[in-house]
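Sequence lines, in order, name chains A and B. Read the first sequence against our numbering and you will find it ends at 314, with the numbers running on by one and no gaps. Read the second sequence against our numbering and you will find it ends at 593, with the numbers running on by one and no gaps. Cβ atoms here follow ideal geometry from the backbone N, Cα and C, with glycine treated the same way.
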Amino acid sequence: MAVVEGVAAPAPKVRLRPRGVSRREQWQRRLPLLPALIYIIVVTQIPFVVTLWYSFQNYFFDIPGGAHFTGLSNYTTVFTNAAFRASLVRSVVMTASSVIVAMILGMAFALLLDRKFLGRGVVRTLIITPFLVMPAAAALVWAGPMLDPNFGLLNYLLTPFGVHHVAWLSTHALGSVIVVMIWQWTPFMTLIVLAGLQGQPADTLEAAKVDGAGALATFRELTLPHLRPYIELGILLGSIYLVNAFDAVRLMTNGGPGTATTNLPFYLYQQVNYAFDVGGAAAAGVVTVILTIIVATFALRMFARVFQFDEAAG
Amino acid sequence: MAAVTTTPRQKAGWGTANFVVIALAMIPVLWLASLSFKTPAAVLDPSLIPSQWTLGNYSQILKTSQFIRPLINSIGIGLIATLIAVLFASMAAYAVARLRFPGKGVLIGMSLLIAMFPAIALVTPMFNIERSLGLFNTWPGLIIPYVAFGLPLGIYTLSAFFREIPWELEKAAKVDGATPFQAFTKVIAPLAAPGMVTTAILVFMFCWNEFLFAISFTSTIASRTAPASIAYFSGSSQFTVPTGPIAAAAVVITIPIIIFVVFFQRRIVAGLTSGAVKG
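Structure, rendered in structure tokens:
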């Protein structure tokens, strides 16, 4: 980082002390950021303000006569609603278990791939394929040909172990959805951790070996601390995506059986598309956004550390 | 990484482990490919290699506008959204990587926050807004939100790449008599290009795979994209799932992404990790 900043510093117009620049210049520096920033704010925050507005309305798609103001009643419903709380818990379980298992498997696979062997490049490419299959297509293939009770591949493969005609999506719905998420995200975690392993300085490892450190001790004392930022990054990116997972749930189980796989995004979708309760869904959405912001603030702290904002904020 | 000396026995152990890992990752993918070549009758047959190869599933989906049109929509919408997002993201990342000004951290933080914003909470108002503006079920109706959600990803990866560019070369070129435009096109642009290509692939993948907006803001194949269209594939009756055609469609949809990634794999990983990890 120091090197990069040192490089940027001598460029014309860019001085190390922002205090020395005029107000006008300060605004000019922000200029290239503005299109992206304005665009993002207009496209995401105007709808959010509308969501906020809906959340105080009694507004059903299927009831003519339009919406009317109901104060906080939608919020009271959200906080007293067991279905909302249950879907929140399910979201956390789904995200946490799939991200953590995918990361553990990813680390194991990365350690496996971090050795010289014939065809390593091919293996790496093969391993990443699950991540490249469109999630919607993967969900459909898992729901049908893989997990079907009668002709699914999994039941066929498990027949020698005494498993017959298990309707995975009815009996182990949440587990099945999580397995598919793990299958899709393990390759991603593998690649991230592998990048970390290959960036590990060889001389340190050599020194540890010379000093007589065992493989396990070397891993715990040297490799793991070195991998930490990579692991954190993988968990962060995986969580951002999986906490909003909608396609797998919608296409594999439609939230069911019952509400067994209804996570927060699917619950909100259901409130609008099946219950037509726009106001209630909006209030639940606002609560979800607030929860997301709380969680994201913690995540951003990490980003702040790795991006070194404090230095940039000067 | 230093090569570790291994005995033949250890080598065999690692080989087995590798094989198991590949099998875990690949069985569903191979199964998918195999299904796409099976006849409707053989779909229930659990053998990996089709007893009777057929291209019927492919000709079936490629004949109908119910798949071709969404495929064209996906490509068009994805490319346009990617182009706009990478353009805006490059400008923003340039500022992030190169310039210092107060409040920079807050600005980046805000855009990252958007990446985590639950899109589902915005669907209904966006739906109503798009209806009133006449954008519902049109290409711009999907391009507009895709750019918004592609931008944070673009800014994140491009800032990482741009920080690695030796910007002093630009000054050196100017000293050597190049105009600012020449300095940019001859020196900086070639250095920035790999990062921009990688970012473009990641943003395109996001648009290509996106499902929630795709089913919410479209109603016909005029703008429905591929992931939404395969969800609407139907069999001869309500209860038969058209497994073969779905598998064929999944293969067709996945191939472009695999080609991109096979070519740019190393760079994509570098783009995702270097931003966060190079201190």
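Where residue i falls: helix, strand or coil (DSSP)
i: B:PHE520; result: helix
i: B:SER550; result: At B:SER550, the pLDDT of 49 sits below 50, so the modelled position is not reliable and the matter cannot be decided from this model.
i: A:ASP247; result: helix
i: A:ASP277; result: strand
i: A:ASN390; result: Only positions 1 to 314 of chain A appear in the structure, and residue 390 of chain A is not among them; the question remains open.
i: A:HIS226; result: helix
i: A:PHE266; result: helix
i: B:PHE415; result: coil
i: A:PHE69; result: strand
i: B:PHE578; result: helix
i: B:GLY370; result: helix
i: A:LEU147; result: coil
i: A:GLY255; result: coil
i: B:PHE450; result: coil
Buried or exposed by the 16-neighbour rule on C-beta atoms within 10 Å, applied to residue i
i: A:ARG120; result: exposed
i: B:LYS418; result: buried
i: A:SER176; result: buried
i: B:GLN366; result: exposed
i: B:GLN324; result: exposed
i: A:PRO130; result: buried
i: A:PRO257; result: exposed
i: B:ILE529; result: buried
i: A:ASP62; result: exposed
i: B:SER473; result: buried
i: A:GLU221; result: exposed
i: A:GLU206; result: exposed
i: B:THR436; result: First, the residue type needs correcting, since residue 436 of chain B is Leu and not Thr in the sequence shown. Classification of B:LEU436: buried, given that the 10 Å Cβ count is 16 or more.
i: A:VAL3; result: In this prediction, A:VAL3 has a pLDDT of 38, which is less than 50 and means its spatial position is unreliable; nothing more can be read from the coordinates.
i: B:TRP594; result: Beyond the ends of chain B as shown, which are 315 and 593, falls residue 594 of chain B; an answer cannot be given.
i: B:GLN496; result: exposed
Close beta carbons around residue i, own chain, < 6 Å, minus the five adjacent residues each side
i: A:ARG17; result: Because A:ARG17 sits at a pLDDT of 48, beneath the cut-off of 50, its placement in the model cannot be relied upon, and the point is left open.
i: B:SER550; result: For B:SER550, the predicted structure reports a pLDDT of 49, less than 50, and the residue's modelled location is therefore unreliable. A value from the coordinates is still provided. So the list is empty, once near-sequence residues are dropped.
i: A:SER365; result: In the structure as shown, chain A starts at 1 and stops at 314, and residue 365 of chain A therefore has no counterpart that could be examined.
i: B:ILE394; result: ILE457
i: A:PRO12; result: With a pLDDT of 48 at A:PRO12, under the threshold of 50, the modelled position of that residue is not reliable, and no figure is offered here.
i: B:ASN332; result: none
i: A:TRP185; result: ALA102, GLY238
Residue-chain proximity (residue i, chain D), Cβ-Cβ < 7 Å
i: B:VAL400; result: Here the protein chains are A and B, and chain D is not one of them.
Integer-rounded CB distance, given that residue j should sit under 8 Å from residue i
i: B:SER350; j: B:ALA562; result: 4 Å
i: A:ALA143; j: A:LEU251; result: 6 Å
i: A:THR44; j: B:ALA462; result: 5 Å
i: B:GLY509; j: B:PHE475; result: 3 Å
i: B:VAL517; j: B:PHE578; result: That pair is no contact at about 13 Å.
i: B:LEU467; j: B:ALA429; result: 6 Å
i: A:LEU236; j: A:ALA195; result: That belief does not hold up - the Cβ atoms of A:LEU236 and A:ALA195 are roughly 15 Å apart, past 8 Å.
i: A:ALA83; j: A:TYR274; result: Rounded, the Cβ-Cβ distance is 12 Å, inconsistent with contact.
i: A:MET134; j: B:ASN523; result: 5 Å
i: B:VAL410; j: B:ILE469; result: 7 Å
Neighbourhood of residue i by C-beta, 7 Å cutoff - its chain only, sequence neighbours within 5 removed
i: A:TYR59; result: ALA67, VAL278, GLY279
i: B:ALA536; result: ASN451
i: A:LEU88; result: LEU264
i: B:PHE525; result: PRO541, ALA542
i: B:PRO559; result: ASN371, GLN374, ILE375, PHE547
i: A:GLN200; result: THR223, HIS226
i: B:GLU444; result: PHE450, GLY455, PHE531
i: A:SER218; result: As written in the sequence, residue 218 of chain A is Thr, which differs from the Ser given in the question. Correct list, in chain order: LEU205, ALA208.
Range of the contiguous alpha helix (DSSP H) that encloses residue i
i: A:MET107; result: 82–113
i: B:PHE476; result: 453–477
i: B:LYS485; result: 482–489
i: B:LYS325; result: 322–350
i: A:GLU206; result: 202–210
i: B:ASN286; result: Limits of chain B in this structure are 315 at one end and 593 at the other, which puts residue 286 of chain B out of reach.
i: A:GLN26; result: 23–30
i: B:VAL437; result: 434–447
i: A:PHE123; result: In the sequence under discussion, the amino acid at residue 123 of chain A is Val, which differs from the Phe named in the question. Unbroken alpha helix (DSSP H) run through A:VAL123: 120–132.
i: A:ILE178; result: 173–198
i: A:PRO35; result: 34–40
i: B:ILE544; result: 540–545
i: A:PRO135; result: 135–141
i: A:ASN155; result: 153–158
i: B:SER530; result: 526–530
Residues near residue i in its chain [Cβ-Cβ closer than 8 Å; skip 5 each side]
i: A:PRO10; result: Here the model assigns A:PRO10 a pLDDT of 43, short of 50, so the residue's position is not dependable, and the following value carries that caveat. Hits under 8 Å: none found.
i: A:LEU197; result: ALA110, LEU111, ASP114, THR223, LEU227
i: A:TYR269; result: PHE246, ARG250
i: A:VAL180; result: ALA138, ALA139, TRP142, ALA248, MET252
Any non-hydrogen atom of the ligand GDP closer than 6 Å to residue i Cβ
i: A:ARG24; result: With respect to the ligand GDP, the structure offers nothing, as it holds no ligand at all.
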